[in-house]
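A short worksheet on the structure shown next.
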Amino acid sequence: MQKIGVIQGDGIGPEVIGEARKVLDVACERNGTSLDFEEFPLGATHYLKTGEVLSDETVSRLEEKDAILLGAMGDPRVKPGVLEKGVLLRLRFHFDQYVNLRPVQLFDGVPCPLAGNDRKVDMFFVRENTEDFYVGLGGRVGRGKSRAELDLVRKAYEAKFDVGIDLKGEDELAYQIGVITKGGADRVVDFAFKLAKEKRMDLVTSVDKANVLTDVYGLWREAVERASKKHGIAKEFLYVDAVALHMVRNPERFKALVTPNLFGDILTDLGAALQGGLGFAPSGNINPEGISMFEPVHGSAPDIAGKGLANPVGAILSAALMLQTLGHVKAAEEIERAVRDVLAGRKHMTTDAGGRTSTSAMGDAVASGLRAL
Ligand code: ATP
Numbered sequence: 092m093q094k095i096g097v098i099q100g101d102g103i104g105p106e107v108i109g110e111a112r113k114v115l116d117v118a119c120e121r122n123g124t125s126l127d128f129e130e131f132p133l134g135a136t137h138y139l140k141t142g143e144v145l146s147d148e149t150v151s152r153l154e155e156k157d158a159i160l161l162g163a164m165g166d167p168r169v170k171p172g173v174l175e176k177g178v179l180l181r182l183r184f185h186f187d188q189y190v191n192l193r194p195v196q197l198f199d200g201v202p203c204p205l206a207g208n209d210r211k212v213d214m215f216f217v218r219e220n221t222e223d224f225y226v227g228l229g230g231r232v233g234r235g236k237s238r239a240e241l242d243l244v245r246k247a248y249e250a251k252f253d254v255g256i257d258l259k260g261e262d263e264l265a266y267q268i269g270v271i272t273k274g275g276a277d278r279v280v281d282f283a284f285k286l287a288k289e290k291r292m293d294l295v296t297s298v299d300k301a302n303v304l305t306d307v308y309g310l311w312r313e314a315v316e317r318a319s320k321k322h323g324i325a326k327e328f329l330y331v332d333a334v335a336l337h338m339v340r341n342p343e344r345f346k347a348l349v350t351p352n353l354f355g356d357i358l359t360d361l362g363a364a365l366q367g368g369l370g371f372a373p374s375g376n377i378n379p380e381g382i383s384m385f386e387p388v389h390g391s392a393p394d395i396a397g398k399g400l401a402n403p404v405g406a407i408l409s410a411a412l413m414l415q416t417l418g419h420v421k422a423a424e425e426i427e428r429a430v431r432d433v434l435a436g437r438k439h440m441t442t443d444a445g446g447r448t449s450t451s452a453m454g455d456a457v458a459s460g461l462r463a464l
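Residue numbers (the numbering used here): 92 to 464.
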């Protein structure tokens, strides 16, 4: 039996995960799948009570799971970053979840901010999740530091790099370095092409800014070339600015996209807006050979927590993504179909999308839609 660690977390996390579990139970029952769930009470309440964010012992217990289902982290009572970094980022790095999979699908019945009522938005992003400008290589020089140190950095810059800016008159500078490794690029790009192949797609769009950031994204492009040849699927290279423009003007043109970390971070939030808002967006932090973690894209939304206003669709679709990754493809497809049917029926819609349906009523609607399939 596959084992699932459940972290409901903060704010609306418990509410949306409650609905995801409701739907999961029905999907598993219908398909004769049994999953063993264990709750891990991590988040603000646990932290404020015990002073502990995430213990090594909890990490070891999570290591025994096949997957993790998470609600949201973050609470106004705790300094921003403590829980997000201490739980989410720590788990992502510990389990080397190097793929951030973000399906962007606008379901019939959900209002889209783009003009025109029948926009077709159906693409997936594979975002690299560990490298690029997020490796933490950077620093500030000048602030509270000596003139001599600044001179040293300036000289090093002048000797090594043609930075194209005059640092002589400056008394403060900051730098941040993006790093992409061949192995890091290859593994995530390979995942994207494999997924495109599974979904019978014939083109993968690679996002970068290789005309300006020539080194990091030059190496990235080589990985894309290799994967394209290996999997026999065509590729196109587009700059991030062009992708942003097309996503708004012509989202229909995209099916499969693979992107380095920073650009993926930005574009996938644009994607969430196109699919009706944060409440509809699912995600998976995936290690194809290890333990993956599935979570709705939204945060803890403290402003609506406990009011029954949260949209649980992102969490429900994240649970479906988890089933899919664990090999329960039919059960996952059934959940997606039930969500699609409920939304297309236009009877049930949460307030973020202009309706009046409560969190639990939305979960109930999907669960009974699933039973009726
Ligand atoms: P984070 O935890 O990521 O720092 P946050 O909790 O402040 O951010 P988000 O949860 O990402 O913010 O969402 C911003 C706003 O969008 C929320 O305050 C809420 O009003 C709305 N929102 C987010 N998720 C949902 C949802 N599932 N259902 C309804 N509204 C939502």
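Idealized CB from N, CA, C, for every residue including glycine.
Around the Cβ of residue i, are there at least 16 other Cβ atoms within 10 angstroms (buried) or fewer (exposed)?
{"i": "P387", "result": "buried"}
{"i": "D332", "result": "exposed"}
{"i": "K246", "result": "exposed"}
{"i": "A118", "result": "buried"}
{"i": "E222", "result": "buried"}
{"i": "R218", "result": "buried"}
{"i": "M453", "result": "buried"}
{"i": "D262", "result": "exposed"}
{"i": "P403", "result": "buried"}
{"i": "L161", "result": "buried"}
{"i": "P167", "result": "exposed"}
{"i": "L174", "result": "buried"}
{"i": "F184", "result": "exposed"}
{"i": "V349", "result": "buried"}
{"i": "G96", "result": "buried"}
Contact check, residue i vs residue j under 8 Å by CB: the rounded distance?
{"i": "A103", "j": "A396", "result": "A small fix is needed here, since residue 103 is Ile in this sequence, not Ala. Confirmed, about 5 Å."}
{"i": "Q196", "j": "F224", "result": "Not confirmed; about 28 Å, so no contact."}
{"i": "L182", "j": "M384", "result": "6 Å"}
{"i": "S374", "j": "R193", "result": "5 Å"}
{"i": "F215", "j": "R431", "result": "Rounded, the Cβ-Cβ distance is 16 Å, inconsistent with contact."}
{"i": "D147", "j": "Q93", "result": "Between Q93 and D147 the Cβ distance is about 24 Å, and since that is not below 8 Å, they are no contact."}
Could you tell me whether any non-hydrogen atom of the ligand ATP is closer than 7 Å to the CB of residue i?
{"i": "G165", "result": "yes"}
{"i": "G177", "result": "no"}
{"i": "S391", "result": "yes"}
{"i": "D356", "result": "no"}
{"i": "A456", "result": "no"}
{"i": "A314", "result": "no"}
{"i": "A318", "result": "no"}
{"i": "G381", "result": "no"}
{"i": "T441", "result": "yes"}
{"i": "D360", "result": "no"}
{"i": "G102", "result": "yes"}
{"i": "L365", "result": "no"}
{"i": "L369", "result": "yes"}
{"i": "L400", "result": "yes"}
{"i": "G405", "result": "yes"}
{"i": "V117", "result": "no"}
{"i": "V107", "result": "yes"}
{"i": "I395", "result": "yes"}
If you draw a straight line from the alpha carbon of residue i to that of residue j, how long is it in whole angstroms?
{"i": "T149", "j": "R462", "result": "35 Å"}
{"i": "T409", "j": "K320", "result": "Here the sequence assigns Ser to residue 409, which means Thr is not the residue at that position. Taking the straight line joining both Cα atoms gives about 31 Å."}
{"i": "G165", "j": "P105", "result": "12 Å"}
{"i": "A163", "j": "M292", "result": "32 Å"}
{"i": "I377", "j": "V107", "result": "21 Å"}
{"i": "A429", "j": "V420", "result": "14 Å"}
{"i": "V298", "j": "E130", "result": "38 Å"}
{"i": "I382", "j": "M413", "result": "11 Å"}
{"i": "L205", "j": "L329", "result": "22 Å"}
{"i": "I271", "j": "V279", "result": "11 Å"}
{"i": "G309", "j": "F186", "result": "28 Å"}
{"i": "S125", "j": "L115", "result": "10 Å"}
{"i": "R210", "j": "C203", "result": "8 Å"}
{"i": "A423", "j": "V232", "result": "51 Å"}
{"i": "F371", "j": "R447", "result": "16 Å"}
{"i": "P379", "j": "L294", "result": "22 Å"}
{"i": "Q415", "j": "R152", "result": "23 Å"}
{"i": "L358", "j": "K273", "result": "23 Å"}
{"i": "T296", "j": "I426", "result": "28 Å"}
{"i": "H137", "j": "S459", "result": "34 Å"}
{"i": "I324", "j": "V334", "result": "20 Å"}
{"i": "R317", "j": "L286", "result": "16 Å"}
{"i": "A301", "j": "W311", "result": "9 Å"}
{"i": "R234", "j": "L304", "result": "27 Å"}
**OP:** Identify every run of the beta strand (DSSP E) within the region 187-241, keeping only runs that are complete inside it and at least 3 residues long; order them along the chain.
**Re:** Restricted to the region 187-241, the beta strand (DSSP E) segments that are unbroken, complete and at least 3 residues in length are 190-196, 213-219, 223-232, listed in chain order.
Original post:
Counting only runs that start and end within the region 156-180, where is the beta strand (DSSP E) found for 3 or more residues in a row?
Top reply: The beta strand (DSSP E) runs lying completely inside the region 156-180 and spanning 3 residues or more are 158-163, given in chain order.
**OP:** Give, in chain order, every unbroken run of the alpha helix (DSSP H) that is at least 4 residues long and sits entirely within the region 269-349.
**Re:** Whole alpha helix (DSSP H) segments, 4+ residues: 273-289, 305-322, 331-340.
Subject >> Every unbroken alpha helix (DSSP H) inside the region 376-447 [4 residues or more] >> reply: DSSP assignment within the region 376-447 yields the following whole alpha helix (DSSP H) runs of 4 residues or more, N-terminal first: 404-416, 420-436.
Subject >> Every unbroken beta strand (DSSP E) within the region 124-155, with a cutoff of 3 residues, ordered by chain >> reply: The qualifying runs are 126-130.
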